[in-house]
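First up is the structure itself, then whatever we jot down about it.
Protein chains: 6
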Amino acid sequence: MAQGLTHLNDRGEAHMVDIGDKPVTRRRAVAEASVLAEPATVEALLSGSGKKGDAIATARIAGIMAAKKTAELIPLCHPLALTRVTVEIEAMNGVSGLHVVATAETVGQTGVEMEALTAASVAALTLYDMGKAMEKGMTITDVRLVEKSGGKSGDFLRA
Amino acid sequence: MAQGLTHLNDRGEAHMVDIGDKPVTRRRAVAEASVLAEPATVEALLSGSGKKGDAIATARIAGIMAAKKTAELIPLCHPLALTRVTVEIEAMNGVSGLHVVATAETVGQTGVEMEALTAASVAALTLYDMGKAMEKGMTITDVRLVEKSGGKSGDFLRA
Amino acid sequence: MAQGLTHLNDRGEAHMVDIGDKPVTRRRAVAEASVLAEPATVEALLSGSGKKGDAIATARIAGIMAAKKTAELIPLCHPLALTRVTVEIEAMNGVSGLHVVATAETVGQTGVEMEALTAASVAALTLYDMGKAMEKGMTITDVRLVEKSGGKSGDFLRA
Amino acid sequence: MAQGLTHLNDRGEAHMVDIGDKPVTRRRAVAEASVLAEPATVEALLSGSGKKGDAIATARIAGIMAAKKTAELIPLCHPLALTRVTVEIEAMNGVSGLHVVATAETVGQTGVEMEALTAASVAALTLYDMGKAMEKGMTITDVRLVEKSGGKSGDFLRA
Amino acid sequence: MAQGLTHLNDRGEAHMVDIGDKPVTRRRAVAEASVLAEPATVEALLSGSGKKGDAIATARIAGIMAAKKTAELIPLCHPLALTRVTVEIEAMNGVSGLHVVATAETVGQTGVEMEALTAASVAALTLYDMGKAMEKGMTITDVRLVEKSGGKSGDFLRA
Amino acid sequence: MAQGLTHLNDRGEAHMVDIGDKPVTRRRAVAEASVLAEPATVEALLSGSGKKGDAIATARIAGIMAAKKTAELIPLCHPLALTRVTVEIEAMNGVSGLHVVATAETVGQTGVEMEALTAASVAALTLYDMGKAMEKGMTITDVRLVEKSGGKSGDFLRA
Chain G
1 MAQGLTHLND
11 RGEAHMVDIG
21 DKPVTRRRAV
31 AEASVLAEPA
41 TVEALLSGSG
51 KKGDAIATAR
61 IAGIMAAKKT
71 AELIPLCHPL
81 ALTRVTVEIE
91 AMNGVSGLHV
101 VATAETVGQT
111 GVEMEALTAA
121 SVAALTLYDM
131 GKAMEKGMTI
141 TDVRLVEKSG
151 GKSGDFLRA
Chain H
1 MAQGLTHLND
11 RGEAHMVDIG
21 DKPVTRRRAV
31 AEASVLAEPA
41 TVEALLSGSG
51 KKGDAIATAR
61 IAGIMAAKKT
71 AELIPLCHPL
81 ALTRVTVEIE
91 AMNGVSGLHV
101 VATAETVGQT
111 GVEMEALTAA
121 SVAALTLYDM
131 GKAMEKGMTI
141 TDVRLVEKSG
151 GKSGDFLRA
Chain W
1 MAQGLTHLND
11 RGEAHMVDIG
21 DKPVTRRRAV
31 AEASVLAEPA
41 TVEALLSGSG
51 KKGDAIATAR
61 IAGIMAAKKT
71 AELIPLCHPL
81 ALTRVTVEIE
91 AMNGVSGLHV
101 VATAETVGQT
111 GVEMEALTAA
121 SVAALTLYDM
131 GKAMEKGMTI
141 TDVRLVEKSG
151 GKSGDFLRA
Chain V
1 MAQGLTHLND
11 RGEAHMVDIG
21 DKPVTRRRAV
31 AEASVLAEPA
41 TVEALLSGSG
51 KKGDAIATAR
61 IAGIMAAKKT
71 AELIPLCHPL
81 ALTRVTVEIE
91 AMNGVSGLHV
101 VATAETVGQT
111 GVEMEALTAA
121 SVAALTLYDM
131 GKAMEKGMTI
141 TDVRLVEKSG
151 GKSGDFLRA
Chain B
1 MAQGLTHLND
11 RGEAHMVDIG
21 DKPVTRRRAV
31 AEASVLAEPA
41 TVEALLSGSG
51 KKGDAIATAR
61 IAGIMAAKKT
71 AELIPLCHPL
81 ALTRVTVEIE
91 AMNGVSGLHV
101 VATAETVGQT
111 GVEMEALTAA
121 SVAALTLYDM
131 GKAMEKGMTI
141 TDVRLVEKSG
151 GKSGDFLRA
Chain L
1 MAQGLTHLND
11 RGEAHMVDIG
21 DKPVTRRRAV
31 AEASVLAEPA
41 TVEALLSGSG
51 KKGDAIATAR
61 IAGIMAAKKT
71 AELIPLCHPL
81 ALTRVTVEIE
91 AMNGVSGLHV
101 VATAETVGQT
111 GVEMEALTAA
121 SVAALTLYDM
131 GKAMEKGMTI
141 TDVRLVEKSG
151 GKSGDFLRA
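Residue numbers (the numbering used here), protein chains in the order written: chain G, 1 to 159; chain H, 1 to 159; chain W, 1 to 159; chain V, 1 to 159; chain B, 1 to 159; chain L, 1 to 159.
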């Protein structure tokens, strides 16, 4: 049985669940993703930004725009009006790679975890796209929720 | 310097590179992603498919549809006409989680790595969405290219 | 004269009408569509679901996702945040075919008839697409509003 | 078993089938839809076009634009470059209603039935939207393929 | 320094700014665009509307639909639920060309200048597309905000 | 009569014209747009790029992404697979403002004027969006085709 899967009804069929009775509250989620790459690729992506070019900016904007497309991509997500989206990208510590942190906020009836995760994922995919001519073996890893607040299911903070 | 980043011109500005002179060839890419989750969540997602429901089917379809949106999501990707997309999802061996394998093919002037990676990522995000009421801590990991063939840059096969 | 057509102004020009003064209320609409097909096609589509595969699930998800695209497809529809969408598909009684019922809900300033009708239509088109290799002559029929509630224009219930 | 459903693999899983080996040929499909409505509604929609306004033009354009969105709406449709789309709308003979005929063409590896059917459906839905302030009970019926040519599966012409 | 550019943070990075604390108010913006063209082209476009055809209607509908796509096109725009959109197109006085006026309204937390400007721009681009077989040299000019009301930054009225 | 407007049939109805018999050739178009703004705004936008931030990069990427959406925005445009898109933005000479030049290329059956014009327009709209907190009165002007080559209708070069 599909017990616990709220996106399936009692016959196991997918549906977009009813949120019409949930209160309108301010909601926030933060997600992260890491892109593991060779030092030369990381260096090229970073120097391709700042004074030199658009590499990091392109990934940041791709992530922000993807957050707005979440309900188009994830079949059972409710459409919602995001009130804030940020994507930050920087070199990882101790590992060769880039770290993406995406924050999404809304004032609405449902949470924004999927928006934050989608922004982080698409920013990471865009970094892969920018760097793939140098290194096809880059790996995106640790795409996950960091924190979440504002819903009735309680706050979440990754341990 | 942005040396090696083909998506930036010599001033470091993002552009969609010229592929007009590249030959039309048959191209194929395979990508994977893993979703690490508790056994109970994996079990619910799997049993929510097969005879019981739509969980895995929803993720598979989300991945296939996302492959078709790749050029909308990744700023410098060329639009292309995919000739085949498949997404397979099954339980992981030795680890509690689900493994996604996405294959994309086209007959065209540029490769389909990003289409395969986007399909795998969005299928994984959809699995997260389906299971998040049970476990917000699921992690998507090892999103990466498995193999690629058909372009002038040579074939790629993950070691 | 285009009397009675609220989507045209007094010069007959299309516009998206002003709903800014309408109250925010909970709104709901149910629509249906029927897909007439040979028994063998109906059987294949149904057995291609449940324990055997994704046919019905694919149509259900297509309908849910299409509901979210209504304002992109229907030129003068207002964008709105759906709070619930369901699509149910089952064999027809007494006739060889499949029956689709779509329900859409929102809390907003305008009704969701078009969302329910779009979901039902696209689910039916997807069933056609799934079955067309077997039977190109399938017909979609009786796409219509079943009930509507929540707006100032009064409730509607098909006789 | 899902025998005959080409969009499912032998495990019953949805996939976008491989068309990479199919020849590039000129392909054409014609589809129709009927919108049954009261004479007053039909009259308002028709007079809201021609010299008086945009009603029919809006539906025609919605149908043409929807044809271009077919691969976004129908999960397993291949994206393709339409070379021609027309939508014609006129009063029905002997029945009170409007008749929609949509034609789609491409030069490619797969047929355009779904594009023609989607154009006809969305044009019909838009006529409903334009007229629904007058008559919520309008019914869309007989959405079906009229003819198809250009593929290896042979031509189709509705009897 | 990027002083004054609210869409950049203090490191110069693009973000979608936080509007979660802004009051929900009724907001309205009007924008215009002009399409300069030869008298024969203007005449063909105008006569291609009214009783003769769909030229102006097509541009009007394109503008209305584009308003709904603003947040997809302009990277840092917040998605919002438009409550009204109109696009008016008429011959210019004293100059050979067509004048577009677009009005957008919402009840929300942020302004609709970009929606009005996008509607006017895309209506103008569509007029260009309709007329380009006659005159490729048409120029779109004076795309600008005419008035804006409803936000805390004060009303704007072009002098 | 709508003589000369190829997007209308002989009844004045909009259609997407048949290009199925046109040869596949390499096609290219260049378009421009100017954004007139106060020196302080121009300075902020320019310094918000390069080493300081993402302003110009955001507009460049918005233009490139919009080129890929042209057939979604302009109702009668054929969808096509762009093989190259570039957007360049720099300070104007002798006038206070920013100049946008967009280039689009394809190998196909129809021209890419609308893609280049759409890229230039949306890049200009994005510059407006980035700078509007400083100056709501900015004007976008001289949006026009600069050159075009590759189609049977002959090359175009603005005098």
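For each residue, glycine too, the CB sits at the ideal point set by N, CA and C. It should be emphasised that the depicted structure is a prediction, and the values quoted were computed from it without experimental measurement.
| Item | Value |
| --- | --- |
| Should E13 (chain G) and D54 (chain H) be called a contact, given that it needs their Cβ atoms to be closer than 9 Å? | yes |
| Assuming V107 (chain H) and R26 (chain H) form a contact by the criterion Cβ under 8 Å, report the distance between their Cβ atoms to the nearest whole angstrom. | 5 Å |
| Establish whether the CB of K52 (chain B) and some CB of chain W are separated by less than 9 Å. | The pLDDT assigned to K52 (chain B) is 45, lower than 50, so where the model puts this residue is not dependable, and the model offers no usable value. |
| Verify the CB distance criterion: does T58 (chain W) have a CB-CB separation below 9 Å to chain H? | yes |
| List, in order along the chain, the chain W residues whose C-beta lies closer than 9 Å to that of I61 (chain B)? | A14, P75 and L76 |
| For K132 (chain V), which residues in chain L fall below 8 Å Cβ to Cβ? | The contacting residues do not exist; K132 (chain V) stays about 23 Å from chain L at best. |
| Per DSSP, what are the beta-bridge partners of M16 (chain V) in this structure? | H:V85 |
| Does the segment 66-73 of chain V come within contact of the segment 88-95 of chain V, defined as at least 3 CB pairs closer than 8 Å? | no |
| Taking only beta-carbon positions, decide if T41 (chain L) is within less than 9 Å of chain B. | yes |
| Output needed in chain order: residues of the segment 18-34 of chain G with a Cβ under 8 Å from some Cβ in chain W. | D18, I19 and G20 |
| Under a Cβ-count criterion, where at least 16 other Cβ atoms within 10 Å of its own Cβ denotes burial, should A169 (chain V) be classed as buried or exposed? | There is simply no residue 169 (chain V) to check, as chain V begins at 1 and stops at 159 in what is shown. |
| What are the boundary residues of the alpha helix (DSSP H) that includes I58 (chain B)? | Ile is not the amino acid found at residue 58 (chain B); the sequence shown has Thr there. That run of the alpha helix (DSSP H) goes A55 to A67. |
| Are there three or more Cβ pairs, one per stretch, closer than 8 Å when the segment 31-45 of chain V is compared with the segment 122-139 of chain V? | yes |
| If we count the other Cβ atoms within 10 Å of its Cβ and call it buried at 16 or more, is L157 (chain V) buried or exposed? | exposed |
| Tell me whether V42 (chain H) sits in a helix, a strand or coil according to DSSP, three-state version. | helix |
| So that I know if they touch, is there some Cβ in chain B lying closer than 9 Å to that of V87 (chain G)? | yes |
| Under 9 Å between the Cβ atoms of L98 (chain V) and L117 (chain V)? | no |
| Is the shortest distance between the beta-carbon of L125 (chain L) and the beta-carbons of chain H less than 9 Å? | no |
| Within 9 Å (strictly less), CB to CB, does K152 (chain B) reach chain L? | no |
| Check whether the Cβ of M114 (chain V) lies closer than 9 Å to any Cβ atom in chain L. | no |
| Quick check on T83 (chain B) - is its C-beta less than 9 Å from some C-beta in chain W? | yes |
| Would the beta-carbon of V17 (chain W) fall within 9 Å of that of T103 (chain W)? | no |
| Thinking C-alpha only, which one of G:A57, G:T6 and G:L76 is nearest L8 (chain H)? | G:A57 |
| Run the CB neighbour count on D155 (chain V), radius 10 Å, all protein chains shown included, and call it buried at 16 or more, exposed below. | exposed |
| If you draw a straight line from the alpha carbon of L46 (chain V) to that of G131 (chain V), how long is it in whole angstroms? | 11 Å |
| Is there a Cβ from chain H that is less than 9 Å from the Cβ of A120 (chain V)? | no |
| Using C-beta distances below 7 Å, list every residue in its chain close to G50 (chain H), excluding the 5 sequence neighbours before and after it, in chain order. | At G50 (chain H), the pLDDT of 43 sits below 50, so the modelled position is not reliable; the number obtained from the coordinates is stated separately. If we look at G50 (chain H) and ignore the five residues flanking it on each side, it has no Cβ neighbours. |
| Determine, using beta carbons only, whether K148 (chain L) comes closer than 9 Å to chain H. | no |
| Residues of chain G with CB under 8 Å from E105 (chain W), in chain order? | D18 and G20 |
| With 9 Å set as the bound, which would you pick, yes or no: does the beta-carbon of A71 (chain V) sit closer than that to a beta-carbon of chain H? | yes |
| Just to confirm my understanding: we take L80 (chain L), look at its own chain, exclude 5 residues before and 5 after, and list those with CB closer than 6 Å. What are they? | T106 and G108 |
| Kindly indicate which residue of L:R84, L:K152, L:P39 and L:E88 has the alpha-carbon position closest to the one of M134 (chain L). | L:P39 |
| Classify D21 (chain B): buried if its beta carbon has 16 or more other beta carbons within 10 angstroms, exposed otherwise. | exposed |
| Which same chain residues end up closer than 7 Å to R60 (chain L) when comparing Cβ atoms and leaving out the 5 residues on each side of it in sequence? | V87, I89 and A123 |
| Relative to the C-alpha of G63 (chain L), which residue among L:G111, L:S153, L:A120 and L:L76 is closest? | L:A120 |
| Helix, strand or coil for E72 (chain B) per DSSP? | helix |
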